[in-house]
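Student: Residue numbers (our numbering), protein chains in the order written: chain V, 632 to 741; chain E, 7 to 122.
Just so it is clear, CB atoms sit at the ideal spot from N, CA and C, and this is done for glycine as well.
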Amino acid sequence: DAKTTQPTSMDCAEGRAANLPCNHSTISGNEYVYWYRQIHSQGPQYIIHGLKNNETNEMASLIITEDRKSSTLILPHATLRDTAVYYCIVLNFGNEKLTFGTGTRLTIIP
Amino acid sequence: ETGVTQSPTHLIKTRGQQVTLRCSSQSGHNTVSWYQQALGQGPQFIFQYYREEENGRGNFPPRFSGLQFPNYSSELNVNALELDDSALYLCASSLLLAGVGINEQFFGPGTRLTVL
Chain V
632 DAKTTQPTSM
642 DCAEGRAANL
652 PCNHSTISGN
662 EYVYWYRQIH
672 SQGPQYIIHG
682 LKNNETNEMA
692 SLIITEDRKS
702 STLILPHATL
712 RDTAVYYCIV
722 LNFGNEKLTF
732 GTGTRLTIIP
Chain E
7 ETGVTQSPTH
17 LIKTRGQQVT
27 LRCSSQSGHN
37 TVSWYQQALG
47 QGPQFIFQYY
57 REEENGRGNF
67 PPRFSGLQFP
77 NYSSELNVNA
87 LELDDSALYL
97 CASSLLLAGV
107 GINEQFFGPG
117 TRLTVL
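1) Between which two residues does the beta strand (DSSP E) harbouring residue 670 (chain V) extend?
2) Under a three-way DSSP split, which group does residue 711 (chain V) fall into?
3) Cutting at 6 Å between CB atoms, please list the residues of its own chain near residue 122 (chain E), excluding the five before and the five after it.
4) Chain E partners of residue 726 (chain V), CB-CB under 8 Å?
5) Between the Cα of residue 46 (chain E) and the Cα atoms of E:34, E:27, E:93, E:82, which residue gives the shortest distance?
6) Ordered along the chain, which non-local residues of its own chain (more than five positions away) have a Cβ less than 6 Å from that of residue 118 (chain E)?
7) For residue 637 (chain V) versus residue 714 (chain V), is the C-beta distance shorter than 8 Å?
8) So which residues on chain V does residue 87 (chain E) lean against when the C-beta distance must stay under 8 Å?
9) Report the neighbours of residue 718 (chain V) on chain E: residues whose CB is nearer than 9 Å to its CB, in chain order.
10) Could you pull the start and end residues of the beta strand (DSSP E) that residue 649 (chain V) belongs to?
11) Under 8 Å, with one C-beta from each stretch per pair, do the segment 705–721 of chain V and the segment 642–657 of chain V reach the 3-pair mark?
12) Considering only their Cβ atoms, is the gap separating residue 732 (chain V) from residue 116 (chain E) smaller than 8 Å?
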């Protein structure tokens, strides 16, 4: 599975859009980009995944660059409950072995 | 629909002892994966159970073993505990069809193991 690079930490004002970047320059053609987050003292929670098209669900949007070497997770209106560690993971669809890095610690500022 | 549950929530053991952690998968799921999360690190994949057999393993020694039962619940057993085994142990359930995952993994709250 391709390796990912994320900033260690980010801050975002409450109510603003939080944009979390992820680099995955060695991604292969059949690998998907997945995002999970982990709120303190809880298990990780799935957010969204995509292959090459932009994706949106009730939680977030995922923007993948045309060359697929990077992506951005967007939380459109961040709330205090979005404070968490966000993990970007690249793997083949159906591969159940999630390889977590250290993620980005996102802090929402009131 | 019930979520993923784990027991116990906290556990303290001494070095050399054995421990068993339990996980009940989400309704409708047939697969359980186990992860170890050391403080300040991301979760690390230990192994997965599908159809009551191990279906993939991470870089963990044989003293980490598991079981899956007909109701798809699972146990993680760790023998000869070491101080470095202190961590949050997470289980995640999902649905595999013909060995391929078709949905995301749903994680339980974890069991915090402390080895003294």
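Tutor: In short:
1) The residue you call residue 670 (chain V) lines up with position 39 of the first sequence. Neither: residue 670 (chain V) is in no beta strand (DSSP E) and is coded neither H nor E.
2) Position 80 of the first sequence, counted from the start, is the residue given in the question as residue 711 (chain V). In the structure shown, residue 711 (chain V) sits in a helix (DSSP, three-state: H, G or I).
3) Here residue 122 (chain E) refers to the residue found at position 116 of the second sequence. Hits under 6 Å: 20.
4) Start at 1 with the first residue of the first sequence, and residue 726 (chain V) comes out as number 95. Those are 107, listed as they occur along chain E.
5) On the second sequence, residue 46 (chain E) is found 40 positions in, with the first residue counted as 1. Closest by C-alpha distance to residue 46 (chain E), out of E:34, E:27, E:93, E:82, is E:93.
6) Counted from its first residue, the second sequence places residue 118 (chain E) at position 112. 16, 94, listed in sequence order.
7) Locating residue 637 (chain V) in the first sequence gives position 6, where the first residue counts as 1. Locating residue 714 (chain V) in the first sequence gives position 83, where the first residue counts as 1. With contacts defined by Cβ atoms closer than 8 Å, residue 637 (chain V) and residue 714 (chain V) do not form a contacting pair.
8) Residue mapping note: residue 87 (chain E) aligns to position 81 of the second sequence, counting from 1. Within chain V, no residue comes near residue 87 (chain E); the closest Cβ sits about 22 Å away, beyond 8 Å.
9) The residue you call residue 718 (chain V) lines up with position 87 of the first sequence. Below the 9 Å Cβ cutoff, chain E contributes 48, 49 as neighbours of residue 718 (chain V), in chain order.
10) On the first sequence, position 18 is the one that residue 649 (chain V) refers to. Looking at the DSSP string, the run of the beta strand (DSSP E) that includes residue 649 (chain V) is 649–654.
11) In the pairwise beta carbon analysis, the segment 705–721 of chain V is classified as touching the segment 642–657 of chain V: at least three pairs are separated by under 8 Å.
12) As a first step, residue 116 (chain E) must be located in the second sequence, where it is residue number 110. As a first step, residue 732 (chain V) must be located in the first sequence, where it is residue number 101. For residue 116 (chain E) and residue 732 (chain V), no; Cβs fall outside 8 Å.
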